[in-house]
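Heads up: the structure comes next, in structure tokens.
Chains as they are written, first to last, in my numbering: chain A, 263 to 568; chain B, 11 to 309; chain C, 7 to 334.
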């Protein structure tokens, strides 16, 4: 078990380091960051001076090591635009993003679990068909379009919810739906097929044979088994939400990491882009890792089988 | 996979097309979906020539016309006009090209690069395989949109950025699945026999392995069309993809967002175009997968 | 004769499938007395499992239905009860069913205490967490699980195979049912595990008057455990009698073929007497004897008319036109 944990942690670290290399080198491919920093008419001597100060005269691999060393201590340089440490700028926005991703995840689960369960229990019925149709639609609608439609209908037409912004619980509803919409389809499918397997198992038959009502059998016993495959990939979905947040945060003016990075892209504020993307990658890898390691909590067999 | 598992070394895999024609069943939905895709293809190829109006033709007098069936609608502009009086139907037709071309690039480049890498990884195994799979892990640890943002920040936003990002993002898909397929294929007799018979690696790859993974590649590619279209739309929507005067569905939505309150149709119509295209592509993909191999539902 | 514990009369259960109506159980008569073990033997598809599911009223919801006949337990016809009544007063309470595979019969993600306590909760025989635990401990002690109070919060995988068997048995007998159906596992199970499981029930049978139905395809297993045996073929009981009679004086050619298929201990496994041919389709069964097509003794009459059941000796009934010892 410990060996397994160690192995997974090392793999995760390799991924993060790899991601940082990719991000660093892509940024450097842009050419000279100096051009962005200094006015075009700056004297060559000044340019040379700044270049040396910023470590840009070093060979690329040394630049990366410096970058990585600084990154380890949380130093991604200052935002060109805000003149503040890039990482702390991004970190300030992190809670809003996590809040949004969690709300979206919750929304998708609240929809997917009942749908998946009912589709399995009444397979072939109208609810199964509805679930399938819903799933297909979900995968064909871009999250930003869902967001815009929500604004159009709920905010503009009926004036039920605030169209954008952050603060009250009402503000989270539309962004969470827009972001949580897409994974509903896949999650429903996962719950459904797991549920079909479980409902066909000896232990459910056993439960029935000793007098369990269908309600208890399905929602208490079968559901916990069927939830295992869903829970084991929730991390993947959480991570996917972090990726999707770039667009959804932009539409709803949600003050999260995603919107900050998108804005930074337009102002060519590289340190912020680097910090934001790397932070997202770290979260991405960590959430996958945590889920991997928490299998044992929901599935008691795992702890001993490994 | 196909029924030729016990075949002689030289027996070619059944081509995707012939087996398709044999099994063209499955009700009306696949047909309807293919018809939809055909319409999109025609629109993409025809572009400006079949559009009723110039997609970029400004006519401020005709601004904010609602769709024809709505009150004050005009059949000259079946789906209405935008804030500059441009015909939305014509712009959707023009935008189909961007969507399909990006999907095509993804399929051709991501598919062949990813497929080849997957074949190499699965066939040679060992260190090569380990390194490639770590690369895939690294790639997967950066959310694709985040990677797109970095690339766009560096190279600026245009169509080629979109294509590069799509290829960089989607090759891993093919690589992983093809690798798995190859791992099981290379244990088969005919590959071993081909090796014994002294066939070169290239021959084994392209004569013996490739035909057997064609079905998988085709299914993956079809299932990816929808994803790529949405991905392109997202990038263009953020302003990191297609730039005016080129037209794309994502860009149309991005524009329409600025006058959301004035013209519901401007936000609805391009979205419906995206939705229908993805829906059709996904259905055809699902159906192809079920037809080729009902057991591999996890693709 | 006293009233049997279970009496199945002319039971017909059909499966309504897309390809047609399968007459899975087609006029079955059976009885089980208190304290006895009846073996129901047949190939897969003979209707033995559908018979047990009919008794439990656990037929597949979308396709299965009892179309005729009655199932009497304690003077009540189970076929007339509602689903709610079955769950509340019967399943687990008076009739219980258990798969003979102990490895898959326990839910892996719930504690043993929860699962063994469940029947008490369903039937309101214990109220409150504490009482349920106490009841679970008591029944686990009955099946001789060592220090049960310490093991209630363990999960099934923490138990050995033999202990798991006991837990499954505990669940099935928790509420002291009168009838227990031990169904053949769907998986290929080691016969010794199967026999151990039944032996456990027979132990429990001694101090209660539990009636047991053992569903199996293996006449050998049935012969070693049961008091009486009913042989089913193509949805019908073709021969029934006490074990001794069936073993020594089997009168139906199908039973004889099954007996010949049992490898005997000490005997070198020669070519088994395989029965040629396939059982008939139950969607469109033949009018005559259903075994006729595979039977060496068949006559024109066999193919024309289903044989009536004749009682050769008290309790030994057979449905065959030409019953009798095997022709050598």
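Glycine is no exception: its CB is placed at the ideal position from the N, C-alpha and C atoms.
Own chain residues within Cβ distance below 7 Å of residue i, not counting five before or after
i             : result
residue 44/B  : 294
residue 283/A : 326
residue 91/B  : 72, 73, 74, 75, 97 and 98
residue 162/B : 171 and 250
Proximity below 9 Å, CB of residue i to CB of residue j
i             : j             : result
residue 536/A : residue 286/A : yes
residue 298/B : residue 228/B : yes
residue 125/C : residue 472/A : yes
residue 43/C  : residue 231/C : yes
residue 115/C : residue 159/C : no
residue 540/A : residue 270/A : no
residue 84/B  : residue 96/B  : no
residue 36/C  : residue 243/C : yes
residue 500/A : residue 363/A : yes
residue 469/A : residue 359/A : no
residue 130/B : residue 137/B : no
residue 553/A : residue 510/A : no
residue 465/A : residue 401/A : no
residue 285/B : residue 436/A : no
Contacts of residue i in chain B (Cβ-Cβ under 8 Å)
i             : result
residue 387/A : The contacting residues do not exist; residue 387/A stays about 18 Å from chain B at best.
residue 523/A : 156 and 159
residue 327/A : What residue 327/A touches in chain B: nothing, since even the nearest Cβ is about 18 Å away.
Environment of residue i [buried if 16+ CB atoms lie within 10 Å]
i             : result
residue 63/C  : buried
residue 349/A : buried
residue 323/A : exposed
residue 252/C : buried
residue 11/C  : buried
residue 512/A : buried
residue 225/C : buried
residue 543/A : buried
residue 179/B : buried
residue 477/A : exposed
residue 35/B  : Residue placement at residue 35/B is poorly supported in this model, since its pLDDT is 49, which falls under 50; the coordinates are not used for a value here.
residue 296/B : buried
residue 17/C  : buried
residue 515/A : exposed
residue 212/B : exposed
residue 51/B  : exposed
Chain A contact residues for residue i, given Cβ-Cβ distances below 7 Å
i             : result
residue 165/C : Residues of chain A passing the Cβ test: none, with the nearest at roughly 12 Å.
residue 164/B : 288, 289, 291 and 292
residue 105/C : 464, 467 and 468
Within chain C, partners of residue i - CB distance below 8 Å
i             : result
residue 472/A : 97, 98, 102, 124, 125, 128, 177, 178, 180 and 181
Beta-carbon proximity list for residue i, same chain, < 8 Å, skipping 5 on both sides
i             : result
residue 151/C : 157, 169, 172, 173 and 176
residue 50/C  : 223
residue 220/B : 129
Residues that residue i contacts on chain A, provided the C-beta gap is smaller than 8 Å
i             : result
residue 155/B : 505, 506, 508 and 509
residue 110/C : 463, 464 and 465
residue 116/C : 483 and 486
Cβ-based neighbour list, residue i, same chain, cut-off 6 Å, excluding 5 preceding and 5 following
i             : result
residue 72/C  : 19, 60 and 85
residue 63/B  : 97 and 100
residue 338/C : What the structure shows of chain C is the stretch from 7 to 334, and residue 338/C is not part of that stretch, so it cannot be assessed.
residue 382/A : 454, 457 and 458
residue 487/A : 460
residue 229/C : 249 and 253
residue 329/C : 257
residue 117/B : 231
Residue i: CB within 8 Å of a non-hydrogen atom of the ligand GDP
i             : result
residue 515/A : No copy of the ligand GDP occurs in the structure displayed, which carries no ligand at all.
Cross-chain neighbours of residue i in chain B, by beta carbon under 7 Å
i             : result
residue 334/A : Those within 7 Å of residue 334/A in chain B number zero; the least Cβ separation is about 17 Å.
Under 9 Å from the C-beta of residue i: neighbouring residues of chain B
i             : result
residue 309/A : Under the 9 Å cutoff, chain B gives no residues; its nearest Cβ is about 20 Å from residue 309/A.
Select from the stretch 432-466 of chain A all residues with a C-beta closer than 7 Å to any C-beta belonging to chain C, and list them in chain order. Cβ proximity to chain C below 7 Å picks out 463, 464 and 465 from the stretch 432-466 of chain A.
Please list, in chain order, the residues of the stretch 396-411 of chain A that have any C-beta partner in chain B closer than 9 Å. 398, 399, 401, 402, 403, 404, 405, 406, 407, 408, 410 and 411
Contact list for the stretch 228-249 of chain B against chain A, Cβ threshold 8 Å: So the list reads 236, 240, 243, 244, 247, 248 and 249, given in the order they occur along the chain.
If you measure beta-carbon to beta-carbon, which residues of the stretch 484-495 of chain A are closer than 8 Å to chain C? 486, 487 and 490
Contacting positions in the stretch 58-85 of chain C - beta carbon closer than 8 Å to chain A: 62, 64 and 68
Report the residues of the stretch 529-557 of chain A with a CB closer than 9 Å to any CB of chain C, ordered along the chain. none
Any C-beta of chain B within less than 9 Å: which residues of the stretch 267-284 of chain A qualify? 273, 274, 276, 277, 278, 279, 280, 281, 283 and 284
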